[in-house]
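What follows is a set of notes on a single structure, which appears directly below.
Below, the structure is given as structure tokens:
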């Protein structure tokens, strides 16, 4: 059944790991009879956590879609992981959603995950509800959580419910403030109960607060409010809808996913208060002429869709799309604005977790998937040839936790690379680079858990085992003193011999990184035709420095004298002679190791400044400056040696309770201090022995 754009709601469930997002999605599916029994993450049988890794770890790893049909509306619920290593999945969900439900547990209050979720919504001007979960569990405290939210985000936090609790602060039922009706759950069924007299005052107080929020949406309402007039129910809903859309209020609901308490009320409010895809986030599109314009979501427009996620597993490849204009059917030919090529669409599906249900069409505002689109990637815009536009890409955070990855069995490098490239289609938030200098395949992601999951998927899906190790630091070497040396190669065997003899001056050359070769030979002591051989010999030698075998930079080599034999001299003899001169000169030229230094920008809340600065000093970092971001965070800019940054992603998380983030980019090479140089040389020797 297809729904018109007015009857579709796209909602992302976001929040801290373990706050109950997947369980909430499960209870919404159960209450709308989309499933006939409730699954549990512990049992590995929920609709949204279906990947073998999710079942094994009992956490969400990727975004899942669960469509729910309720009161003539289709609610596309996008269940996201709460783990910070999987924030890329949250970015994808927020691109497809028109509103968010931030799930927070009544046991944890305002967690880091909640703060991050709130920040994501603020950046996107996204309407949002807060759902306080686990209200009926031991040690839960709805009041404390609600007060903490009010304290952090102010009076815009508007409660639509009043919980009823027993003597142990456990919530046993809830009261709908707007309708002034009370409910409790009996055997997973909602039953209306008498309003408790003790709650009358609280209900009136909350209702007045909601009325005030509604009054603030227009002058006329404000006047009526001050004259003490009552608003009708449609007026209240209309006012609250406007408040939610204008971000002047953030409704709070609560419940328990395990016994489905509050689930129906949540869906009522999703349908009544949250925006339709036409009223949701406005999109920016780039036309073919490079100009940007506002993209208007319109059911009557030419077909257009945005690919917000790709899944390629044993069931096949699916490109998840949100239809932003017109109607999309399975035999349609649309232009991929990234490549400029026309793509004939494959079969269309509506996804429910891993289940794909084939459909004839997807209407404007709806979310579905196209099968087997090999050339289509996450972030692509598929549009009609009459109006080709590219929507803004998904803003994935820059990955900064790097490890070297290699196959356990030699010779399977290609298999590892191919597997990771396939996984990269699904998860564009990590990168894979073959570093020619350190001879390592370097995998860079958000953190150790993401990397761990990728290694596990390589084994389960592509049958290749991989091992991780620290990334090597690409040091360099240079000399600090001028040295002149002779290189003489003489070999007499039966027949013609080999003879080459050179005198070379080696000197520091700070202006050029590459070796500069020059010659000052007088009187033909070395014939011109042997110069290229001498240069070639030196270039090959420069790849290995005298200290730890790293490439030598900032070097000038001048060939100024030598001798030759008219019969025995050859190119190979002069090449060898040049290398002998290099080997003799380098140890005497006062060599030093150079280490790469990067620019680090760390964003942390003010309260962690001391810890982060102290830690940077330990890492030999130089702080260059600080600037406030305006929302209680500071950006610290520093220069830090790359060798000290291998575990920074994990250490920063520990120091700031996951609130800190950073970027790090190489800027230049600097002389390595003696202690660090010794350590690097010892490590290089150990590696050579291996």
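In our numbering, the protein residues as written are 552 to 1241.
Where a beta carbon is used, it is the ideal one built from N, C-alpha and C, also for glycine.
Query: Any idea what DSSP makes of residue 912, helix, strand or coil?; Result: strand
Query: At what residue ranges does the stretch 1003-1074 contain a whole run of the beta strand (DSSP E), taking only runs of 3 or more?; Result: 1017-1020, 1027-1030, 1034-1042, 1049-1059 and 1067-1070
Query: Evaluate residue 802 with the Cβ neighbour count: other Cβ atoms within 10 Å of its Cβ, from every protein chain shown; 16 or more gives buried, anything less gives exposed.; Result: buried
Query: Where DSSP assigns a beta bridge to residue 716, which residues make up the other side?; Result: 722
Query: Short check: CB of residue 678 to CB of residue 795, under 8 angstroms?; Result: yes
Query: For residue 574 and residue 685, what's the separation of their Cα atoms in angstroms?; Result: 10 angstroms
Query: Quick check on residue 784: does DSSP put it in helix, strand or coil?; Result: helix
Query: Rounded to the nearest angstrom, what separates residue 1034 and residue 1091 at their Cα positions?; Result: 19 angstroms
Query: Is there contact here, the stretch 924-931 with the stretch 953-961, by at least three beta-carbon pairs under 8 angstroms?; Result: no
Query: Looking only at C-alpha atoms, which of 1169, 1052 and 696 sits nearest to residue 1130?; Result: 1052
Query: Where does residue 1247 sit, in a helix, a strand or coil, going by DSSP?; Result: What the structure shows of the chain is the stretch from 552 to 1241, and residue 1247 is not part of that stretch, so it cannot be assessed.
Query: Using a Cβ-Cβ cut-off of 8 angstroms (strictly less than) and excluding sequence neighbours within five positions of residue 797, which residues of its own chain qualify?; Result: 768
Query: With a 10 Å radius around its C-beta and 16 neighbouring C-beta atoms as the bar for buried, classify residue 622 as buried or exposed.; Result: exposed
Query: According to DSSP, is residue 993 helix, strand or coil?; Result: strand
Query: Identify the residues that DSSP records as bridge partners of residue 1151: which are they?; Result: 1189 and 1215
Query: Within its chain, find whatever has a CB closer than 7 angstroms to the CB of residue 1017; leave out the 5 residues flanking it on each side and keep chain order.; Result: 956, 957, 958, 959, 967, 1006 and 1009
Query: Grouping DSSP H, G and I as helix and E and B as strand, with all else coil, what is residue 661?; Result: coil
Query: Mind checking who residue 678 pairs with in its DSSP beta bridge?; Result: The partner list for residue 678 (beta bridge, DSSP) is empty, contrary to what the question assumes.
Query: DSSP beta-bridge partners for residue 1179?; Result: 1185
Query: With DSSP collapsed to three states, give me the class of residue 835.; Result: strand
Query: Just list the residues that DSSP pairs residue 727 with in beta bridges.; Result: 712 and 732
Query: Can you tell which of 799, 791, 629 and 749 has the C-alpha that lies nearest to the C-alpha of residue 704?; Result: 799
Query: Please name the residue, chosen from 758, 774, 808 and 809, that lies closest to residue 784 on a Cα-to-Cα basis.; Result: 758
Query: Just the Cα atoms here: how many angstroms apart are residue 842 and residue 620?; Result: 39 angstroms
Query: Could you spell out where the alpha helix (DSSP H) holding residue 1088 opens and where it closes?; Result: 1082-1093
Query: Can you tell me whether residue 1225 is buried or exposed, with buried defined as 16 or more other CB within 10 angstroms of its CB?; Result: exposed
Query: Can you tell me the Cα-Cα spacing of residue 876 and residue 979, whole angstroms?; Result: 26 angstroms
Query: Among residues of its own chain, excluding the 5 on either side of residue 1112, which ones have a beta-carbon nearer than 6 angstroms to its beta-carbon?; Result: 1054 and 1076
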